Amino acid sequence: MITLENVSKRFGNFQVLKDCSTTVARGEVVVVCGPSGSGKSTLIKTINGLEPIDSGRIEVAGTDVWADGTDLAKLRAKTGMVFQNFELFPHLSIIDNLTIAQRKVLGRSKAEATEKAEALLERVGLADQARKYPIQLSGGQQQRVAIARALAMDPVAMLFDEPTSALDPEMISEVLDVMVKLANEGMTMVCVTHEMGFARKVANKVVFMDNGEIVEDCSGDEFFTTERSERASQFLDKIL
Ligand code: ADP
Ligand code: MG
């Protein structure tokens, strides 16, 4: 579903991604972890067209992301992105947050978009919050709205960038539960997260990044049970 081939990128003189290659198969859950500043957010943003690359190639569901002429708005709808800070539209009600892109990008009717939105709010346990505004919701609820909003576009894959790291501890599990459910339903997912309990439960693959490089790229089982690189072991020792 997603292929990265020798992806490199600089910010000025700083090489943030160094020759990164990996693949995500349909229905696979890939957890990306690594120290702060190692390039995880940049990597995930290159996949849905938010950060251009200098060299290499990225393909999502058969589309060459960085080829001339790729419709990046369409691509972004296909790869639902969920950020650390929710990034809901503050001036729109929850239901409008879920319908606006369906109508503007996918051209759905108001009735169709609303029906889809209501079903998704139900699915993330927020059916009764549709008329509220983001500021009236807890962080955990806002993040579940953000997930529902991304799902409303019928994405071929979901990309998560530390979706629980801005949440109070008691709200982390309500968001992870939704993510586990999605994973079990067969959604293709790339999750930047340090929630290793989540990784153990659902990750088919773990990618460990350090200093702009993919240092490890192995099955979840391998990552948690077998001998790891020095850098990955040091990192895990710190967070576990
Ligand atoms: P991570 O998500 O692993 O913490 P990031 O991808 O956010 O890492 O950042 C990797 C490195 O790139 C960091 O050193 C960061 O300061 C730098 N960086 C990120 N975005 C930019 C930018 N727009 N301009 C310059 N440097 C950036
Ligand atoms: Mg980051």
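First residue of the sequence shown? That's 1190 in my numbering, and the numbers climb one at a time after it. Backbone N, C-alpha and C fix where the C-beta goes; we use that ideal spot for every residue, glycine too. The model shown is predicted, which means the values in this text are computed figures rather than measured ones.
According to the Cβ coordinates, are residue i and residue j closer than 9 Å?
i, j, result
"Thr1235", "Ile1247", "yes"
"Thr1288", "Ala1316", "no"
"Pro1279", "Pro1323", "yes"
"Gly1409", "Ala1421", "no"
"Val1196", "Met1398", "no"
"Val1364", "Arg1333", "yes"
"Asp1406", "Thr1211", "yes"
"Glu1402", "Asp1208", "yes"
"Ile1242", "Lys1299", "no"
"Ala1346", "Val1271", "no"
"Gly1328", "Met1360", "yes"
"Ala1250", "Met1190", "yes"
"Leu1193", "Gly1245", "yes"
Using the Cβ count rule (16 or more neighbours within 10 Å means buried), how would you classify residue i?
i, result
"Leu1429", "exposed"
"Gly1269", "buried"
"Thr1353", "buried"
"Gln1423", "exposed"
"Lys1293", "exposed"
"Arg1215", "exposed"
"Ala1266", "buried"
"Ser1377", "Strictly speaking, residue 1377 in this sequence is Thr, with Ser absent from that position. The residue is buried, with at least 16 neighbouring Cβ atoms inside 10 Å."
"Pro1344", "buried"
"Gly1296", "exposed"
"Ala1341", "buried"
"Ala1388", "buried"
"Ala1308", "exposed"
"Glu1416", "exposed"
"Glu1217", "buried"
"Thr1450", "The shown model of the chain, from 1190 to 1429, leaves out residue 1450, and the question about it has no answer."
"Ser1227", "buried"
"Gly1238", "buried"
"Asn1286", "buried"
"Phe1200", "exposed"
I'd like to confirm the pairing. Which residues does DSSP put opposite residue i in its beta bridges?
i, result
"Ala1346", "Thr1268"
"Asp1406", "Val1396"
"Val1219", "Val1379, Lys1394"
"Thr1192", "Thr1212, Glu1248"
"Lys1198", "Leu1206"
"Asp1450", "The structure shown has nothing for residue 1450, since the chain only spans 1190 to 1429."
"Asp1253", "Glu1248"
Just to check my reading of the structure: residue i and residue j have Cβ atoms closer than 8 Å, yes? What is that Cβ distance to the nearest angstrom?
i, j, result
"Val1367", "Val1313", "5 Å"
"Val1213", "Val1205", "Incorrect: roughly 20 Å between the Cβ atoms, too far for contact."
"Ala1337", "Leu1310", "6 Å"
"Gln1291", "Ala1302", "4 Å"
"Gln1325", "Leu1277", "The Cβ separation is near 11 Å, so there is no contact."
"Gln1273", "Ala1355", "5 Å"
"Ser1418", "Val1396", "Actually they are not in contact, since the Cβ atoms of Ser1418 and Val1396 sit about 12 Å apart, beyond 8 Å."
Around ligand 1, what residues have a beta-carbon under 5 Å from a heavy atom of it, in chain order?
-> Phe1200, Val1205, Ser1225, Gly1226, Ser1227, Gly1228, Lys1229, Ser1230, Thr1231
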